[in-house]
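Novice: Following this message is one structure expressed as structure tokens.
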Amino acid sequence: MKEKRRDSKGRILHTGESQRTDGKYLYKYVDAFGNTKYVYAWRLTPTDPTPKEKREKPSLRELEQQIRRDIEDGIDSTGKKMTLCQLYAKQNAQRANVKKSTQKQREQLMRLLKEDKLG
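Under the UniProt record's numbering, the first residue of the sequence shown carries the number 1, and numbering increases by one thereafter.
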């Protein structure tokens, strides 16, 4: 029988989980577009203590649950990093059949968004 993978504390790791040599935990998964993604965390479970001088972030198992929920709900993972300009361009592409005056207004707003630091 195949031996189960374990971390440095002897806990069994789930599918996709691994521990790096520096002690950081890694979760590998495939997103909706077929791209391989990686998520890192210093803690495996929520009850684990965070190492000294490391920022308090969600544990690896919490991140896994959030990723699974997003995939089941059909949430696009790239949307989390989308800028305002990209979102506005995507909306305009979906609603392309408009009057010429509306198209001019949209182009003007897009120019303003590109010039602004927010967009």
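Quick reminder that beta carbons are idealized off the backbone N, C-alpha and C, glycines included.
Between the stretch 49 to 59 and the stretch 93 to 102, do at least 3 Cβ pairs fall closer than 8 Å?
Specialist: With the cut-off at 8 Å, the stretch 49 to 59 and the stretch 93 to 102 do not touch.
Novice: Return the residue from the list Arg-61, Lys-4, Gln-86 that minimises the CA-CA distance to Lys-28.
Specialist: The option with the nearest alpha carbon to Lys-28 is Arg-61.
Novice: Thr-102 lies in the beta strand (DSSP E); which residues open and close that run?
Specialist: Not the beta strand (DSSP E): Thr-102 falls in the alpha helix (DSSP H), residues 100 to 115.
Novice: Roughly how many whole angstroms lie between the Cα atoms of Ala-89 and Thr-15?
Specialist: Using only the alpha carbons, I get a separation of about 38 Å.
Novice: Using the Cβ count rule (16 or more neighbours within 10 Å means buried), how would you classify Leu-44?
Specialist: Looking at its Cβ environment, which holds 16 or more other Cβ atoms inside 10 Å, Leu-44 is buried.
Novice: Just how far apart, CA to CA, sit Gln-108 and Val-30?
Specialist: Going from the Cα of Gln-108 to the Cα of Val-30 covers about 38 Å.
Novice: Do Leu-113 and Cys-85 count as a contact pair if the criterion is CB distance below 9 Å?
Specialist: It is a contact, given that the beta carbons lie within the stated cut-off.
Novice: Return the bridge partner residues of Arg-6 from the DSSP annotation.
Specialist: Note: Arg-6 sits in a beta bridge opposite Ile-12.
Novice: Check this for me: beta carbons of Leu-13 and Arg-6, under 9 Å apart or not?
Specialist: Taking 9 Å as the Cβ cut-off, Leu-13 and Arg-6 qualify as a contacting pair.
Novice: Compare the Cα-Cα distances from Phe-33 to each of Asp-76, Lys-2, Gln-103 and report the closest residue.
Specialist: It is Asp-76 whose Cα lies nearest to the Cα of Phe-33.
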